[in-house]
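Protein chains in written order, with the working numbering: chain A, 1 to 207; chain B, 208 to 414.
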DNA sequence: TAGATTGTTAATCGATTAACAATC
DNA sequence: TAGATTGTTAATCGATTAACAATC
């Protein structure tokens, strides 16, 4: 669908635009300037980002909110439901099971895994925890295409290998370590240490 | 200290370099090429990033690991300890209290806050939860310069205002909403929804 | 000295911003 | 029509990559 190669930052902004207009009610029409103000960017940037995917606005008018919302949802692949598995049911894994950013129609947590025998068979938020060795089998059975790694750093690579075997297309990695995956699999690292450390850098300069 | 304006991505990579060489043992000397291989970038990028801050290597040799580690720690402001407060002791907040990326010498969680009376006075991982109204007072008493927001979206702005009043210099926001803070305060959004949605975009294209 | 690798400059690439003709 | 705002092109800005003299 995209007409040129789309920068990743553009995709990230689309997600942000979508959230901004979700919270919107009433107004039928929105200009690129108004949307820009909502998310803290420029009108040109908004139009440029959207232009990668087509023409969604009306010159002289703006964008019909309902239509724009639907278009962005479609672009982002949010008009169907993704099956998700969470691996590593420690504090963070358990927290993500209920985190509102995760628990939404578009994303359905369909399996949870851990290595620790004492956690197996326990039910967390309606999902029964299974042993990591079952990952490949369960993933294909339940059409799970996204894996979330919340294990300690030491297990992350091993888990990534199992997820790959299970046929996931994308991995969200919270373990504080770089892992390698086959190039067909999209890997996103959420590196909380790094976030804190860059914060430290910028604060450091202030003293 | 920096000789020119430093791009944020450079600071992020420094954090990644640091973690890579932390896990290293034995070898006394490391070349930019070796470090690049460890983190998946180029040798030139490594040298460029470091060059913003000084000359840490020896031409013809490479970088002394121990020295490099110390220099990067210093650049990132990790040679002292930052006081942290976590606001919103739901699943995610409680998880971060023990997350290894957070629980480290350089970062010390010194306070936890919630609005829910039923949580107040309870002790989580050795930290007594206090009412959010005490934020300004407690923050200045305990030298807390970083605030972490793990509340629902609806309370995030209110909490940010209280953190600002308490004199934090940086905020890490996990609430799925954009908040605004005085410009002296450095704001980092960790947007898990957005991460999942961009993953969805790239997977969508594969079908 | 010869070989290796740094620090840095110049060339390239890509994303953002500015500007405006086209269009409602 | 006049006014407003889009979609898009050109200009600018900034980051990455290539290349090499300086240096151990």
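Note that CB positions come from ideal geometry on N, CA and C, so glycine has one too.
Kindly list, in the order they appear in chain B, the residues whose Cβ is closer than 9 angstroms to that of residue 32 of chain A. In chain order: nothing, as chain B lies at least about 17 angstroms away.
With a threshold of 7 angstroms on Cβ separation, who are the neighbours of residue 335 of chain B within its own chain once the five nearest residues in sequence on each side are excluded? 328
Within 9 angstroms of any Cβ in chain A, is that where the Cβ of residue 398 of chain B sits? Chain A contact via Cβ: present.
Would you call the segment 363-380 of chain B and the segment 125-141 of chain A in contact, with 3 or more CB pairs under 8 angstroms? Verdict: no, contact absent.
If you draw a straight line from the alpha carbon of residue 291 of chain B to that of residue 395 of chain B, how long is it in whole angstroms? 14 angstroms
Below 9 angstroms between beta carbons: does that hold for residue 356 of chain B and residue 269 of chain B? no
For residue 324 of chain B, tell me which candidate among B:385, B:278, B:403, B:297 has the shortest Cα-Cα distance. If we check each option's Cα against that of residue 324 of chain B, B:297 comes out closest.
Residues of the segment 289-313 of chain B in Cβ contact with chain A at a cutoff of 9 angstroms, in chain order, please. Under the 9 angstroms Cβ criterion, the segment 289-313 of chain B contributes 289, 291, 297, 298, 299, 300, 301, 302, 303, 304, 305, 306, 307, 308, 309, 311, 313.
Would a check of beta-carbon distances place residue 12 of chain A closer than 9 angstroms to chain B? Yes, its Cβ sits closer than 9 angstroms to a Cβ of chain B.
Would you say residue 184 of chain A and residue 405 of chain B are within 9 angstroms of each other, going by their C-beta atoms? Residue 405 of chain B is positioned such that its CB atom lies no closer than 9 angstroms to that of residue 184 of chain A.
In chain order, what residues of the same chain lie with their CB nearer than 6 angstroms to the CB of residue 57 of chain A, ignoring the 5 residues before and after it? Answer for residue 57 of chain A: 63, listed in chain order.
Inter-stretch contact (C-beta, 8 angstroms, three-pair minimum) for the segment 378-389 of chain B and the segment 170-180 of chain A: no
Residue 263 of chain B CB to nearest chain A CB: under 9 angstroms? no
Counting along the chain, where does the alpha helix (DSSP H) carrying residue 364 of chain B start and finish? It spans 360-372 - the alpha helix (DSSP H) in which residue 364 of chain B sits, taken as one unbroken run.
Let me confirm a value: residue 29 of chain A is counted as buried when at least 16 other C-beta atoms fall within 10 Å, else exposed. Which label applies? exposed
Kindly provide the ranges of any beta strand (DSSP E) runs that are 3 or more residues long and lie completely inside the segment 75-138 of chain A, ordered along the chain. 82-87, 107-114, 127-131
Residue 188 of chain A versus chain B: which residues are under 8 angstroms apart at the beta carbon? 402, 405, 406
Against chain B, does residue 118 of chain A count as a neighbour if the rule is that its beta carbon must be under 9 angstroms from one of theirs? no
Check the DSSP bridge columns for residue 21 of chain A and list the partner residues they point to. The partner list for residue 21 of chain A (beta bridge, DSSP) is empty, contrary to what the question assumes.
Taking the alpha-carbon positions, what's the residue 408 of chain B to residue 163 of chain A distance? 19 angstroms
Consult DSSP for residue 378 of chain B and reduce its assignment to one of helix, strand or coil. strand
I'd like the span of the beta strand (DSSP E) that includes residue 354 of chain B, first residue to last. 351-356
Measuring alpha carbon to alpha carbon, tell me which residue in B:332, B:403, B:330, B:393 is nearest residue 195 of chain A. B:393
What residue range does the alpha helix (DSSP H) around residue 3 of chain A cover? No alpha helix (DSSP H) contains residue 3 of chain A, which DSSP labels as neither H nor E.
Give, in chain order, every residue of the segment 172-183 of chain A whose Cβ lies closer than 7 angstroms to some Cβ of chain B. Contact annotation: in the segment 172-183 of chain A, residues whose CB is within less than 7 angstroms of a CB in chain B are 172, 176, 178.
Kindly list the residues whose CB is nearer than 7 angstroms to the CB of residue 140 of chain A, restricted to its own chain and excluding five residues on each side of it in sequence; keep chain order. Closer than 7 angstroms at the Cβ level, and outside the excluded window around residue 140 of chain A, lie 166, 167.
Taking the CB atoms as reference points, tell me whether residue 149 of chain B and residue 283 of chain B lie closer together than 9 angstroms. With chain B covering 208 to 414 only, the question about residue 149 of chain B has no answer from this structure.
Within the same chain, show all residues whose beta-carbon is closer than 6 angstroms to that of residue 437 of chain B, passing over the 5 residues directly before and after it, in chain order. Residue 437 of chain B lies beyond the stretch modelled for chain B, which goes from 208 to 414, so this question has no answer here.
How close, in whole Å, do the beta carbons of residue 280 of chain B and residue 225 of chain B come, if the pair is a contact with beta carbons under 8 angstroms? 7 angstroms
Just grab the DSSP bridge partners of residue 63 of chain A for me. Under DSSP, the beta-bridge partners assigned to residue 63 of chain A are A:30.
State the DSSP-derived secondary structure class of residue 183 of chain A, mapped to helix, strand or coil. coil
Separation of residue 3 of chain A from residue 44 of chain A, as counted between CA atoms: 18 angstroms
Could you work out which residue in A:124, A:107, A:98 is closest to residue 147 of chain A when comparing CA atoms only? A:107
May I ask you to list, following chain order, the residues of the segment 352-381 of chain B that have a beta carbon less than 8 angstroms from some beta carbon of chain A? The segment 352-381 of chain B vs chain A, Cβ under 8 angstroms: 352, 353, 359, 360, 376, 377, 379.
Residue 55 of chain A lies in the alpha helix (DSSP H); which residues open and close that run? That residue, residue 55 of chain A, is in no alpha helix (DSSP H); it is neither H nor E in DSSP.
Between residue 213 of chain B and the rest of its own chain, which residues show a CB-CB distance below 6 angstroms, the 5 nearest in sequence each way excluded? Counting only Cβ-Cβ distances below 6 angstroms, and skipping sequence neighbours, we find 259.
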